[in-house]
Amino acid sequence: GAVGVWHTVKHNSTLFILYIFLLVLTSCNGGPELKIVTPLEAYGMVRNDFGVLVDLRLDSKLIAQGALLLPASKIVAQDSSVVKIINKISKQKTVLLYGDKLSIDTPVVVKLHDLGFQLAYLGTFTDWEKAKLPTALRR
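Set out below in structure tokens:
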């Protein structure tokens, strides 16, 4: 019986260490991270090919030039038309989100994070316009 007991204790301590390790990992890095950038910084990242602009609004006549129109509700619902586009975005690039107020626990942020993207938030479309950055009519 003694061997059996020792085995159990040993097994549990390994699990415990693993649990602690996971806990540390999650606190540093597990939850969504949403960097806050200015529209100008975002624009610079796109120009240098480090980032992809994503417009999260549902219906907008004007968008930031070069932005992908991916409504937040469709991303969360994993709408097939949106998924096709998302799958083409390189994980090496930062996904630069704009639209309504976003926070770490906004469903769309959680969803994109779960899909493995690095995220940044540059504010609303108005912030983009105020920075006098190029806009385009949505196609």
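All residue numbers for the sequence shown refer to our numbering, where the first residue is 229 and numbers rise by one.
Every residue, glycine too, gets a C-beta built ideally from N, C-alpha and C.
Here the structure is a predicted model, which is why all the values come from computation and not from measurement.
One thing to note: Leu286 has its Cβ no nearer than 7 angstroms to the Cβ of Arg366. Look at Asp307 here: in three-state DSSP terms it is coil, with no helix or strand label. Boundaries of the beta strand (DSSP E) around Ala364: Thr363 to Leu365.
When secondary structure is reduced to three states using DSSP, Ala270 falls in the helix class. In this structure, DSSP gives Val338 a helical state, which the three-state scheme calls helix.
When the five nearest sequence neighbours on each side are left out, the beta carbons in the same chain lying within less than 6 angstroms of the beta carbon of Asp355 are those of Pro267, in order along the chain. In the three-state reduction of the DSSP assignment, Asp283 falls in the strand class. In this structure, Val280 and Val323 form a Cβ contact; the two beta carbons are roughly 6 angstroms apart against a cut-off of 8 angstroms. In the three-state reduction of the DSSP assignment, Ala348 falls in the strand class. When DSSP states are grouped into helix, strand and coil, Ala300 belongs to the helix group. In this structure, Ala359 sits away from Lys263, with a CB-CB distance that is not shorter than 7 angstroms.
Buried is the label assigned to Ile303, since at least 16 other Cβ atoms lie within 10 Å of its Cβ.
When DSSP states are grouped into helix, strand and coil, Ile313 belongs to the helix group.
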